[in-house]
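Peer 1:
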Amino acid sequence: MATTTTPRLKTKYREEIAGKLREEFSYENVMQIPGLVKIVVNMGVGDAARDSKLIEGAIRDLTTITGQKPAVTKARKSIAQFKLREGQPIGAHVTLRGDRMWEFLDRTLSLALPRIRDFRGLSPKQFDGRGNYTFGLTEQVMFHEIDQDKIDR
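Going left to right, the sequence shown walks through residues -1 to 151 as the working numbering numbers them.
Spelled out as structure tokens, the structure:
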């Protein structure tokens, strides 16, 4: 029987961070403490309208990075200026929850983001009004699982 281990960041959040948040903001109920529910990793491939092999590369990269098979995003409308037809694949996305989410966040914060050239931290201004945080990456090379020689673009 295999033993399961709790992700490092999840343990740290539950034991240290949640308690400090409760004290600092004087939450009366434990359920008021902010926490992570899901992480959505999205990769848009604009050139996939012209070359269908690019979408396969995006799916392969997202699978390698997240450890989960991505869902293909298709165009909702036809747009003539972009030479795009309705139903054409234009990207892929993965929704991570539970332990996979915590492991991905830990790898992103401790390994991937420090590998970005001229990285100056994440901006607190990128929160929307509902507690969601969004940031973009221009290339996926900073993840050590991705082989630089096999990247399509």
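For glycine and all other residues, C-beta sits at the position ideal for the given N, C-alpha and C.
Output yes or no for whether 8 Å exceeds the beta carbon distance between A73 and G55.
Peer 2: No, these two residues do not count as a Cβ contact at 8 Å.
Peer 1: Taking all protein chains shown into account, do 16 or more other C-beta atoms lie within 10 angstroms of the C-beta of P68, making it buried, or fewer, making it exposed?
Peer 2: P68 should be labelled buried.
Peer 1: In terms of alpha-carbon separation, which member of E13, Q30, V92 lies closest to N40?
Peer 2: For the residues E13, Q30, V92, the minimum Cα distance to N40 belongs to V92.
Peer 1: Would you say L19 faces chain D, with C-beta separation under 8 Å as the test?
Peer 2: Annotation note: the requested chain D is absent from the structure, which comprises a single protein chain.
Peer 1: Going by C-alpha distance, which of G44, E22, E14 is nearest R83?
Peer 2: Of G44, E22, E14, the residue nearest in Cα terms is G44.
Peer 1: Could you compute how far the alpha carbon of K81 sits from the alpha carbon of V70?
Peer 2: One C-alpha to the other measures close to 19 Å.
Peer 1: Given this structure, state the Cα-to-Cα distance separating L19 from A78, to the nearest angstrom.
Peer 2: Whole-angstrom Cα-Cα distance: 50 Å.
Peer 1: Could you name the residues of the same chain whose beta carbon sits closer than 7 Å to that of Q66, not counting the 5 residues immediately before and after it, in chain order?
Peer 2: Correct list, in chain order: V92, L94, R98.
Peer 1: Between which residues of its own chain and L111 is the CB-CB distance below 8 Å, once the five residues before and five after are set aside?
Peer 2: Within the same chain, L111 has close Cβ partners F117, L120, M140.
Peer 1: For A16 and I57, I'd like the C-alpha separation in whole angstroms.
Peer 2: If you take the alpha carbons of A16 and I57, they lie about 35 Å apart.
Peer 1: To the nearest angstrom, how far is it from the Cα of T3 to the Cα of Q138?
Peer 2: Rounded to the nearest angstrom, the two C-alpha atoms are 28 Å apart.
Peer 1: Along the chain, where does the beta strand (DSSP E) containing K36 start, and where does it finish?
Peer 2: Note, K36: premise wrong, no beta strand (DSSP E); not H, not E.
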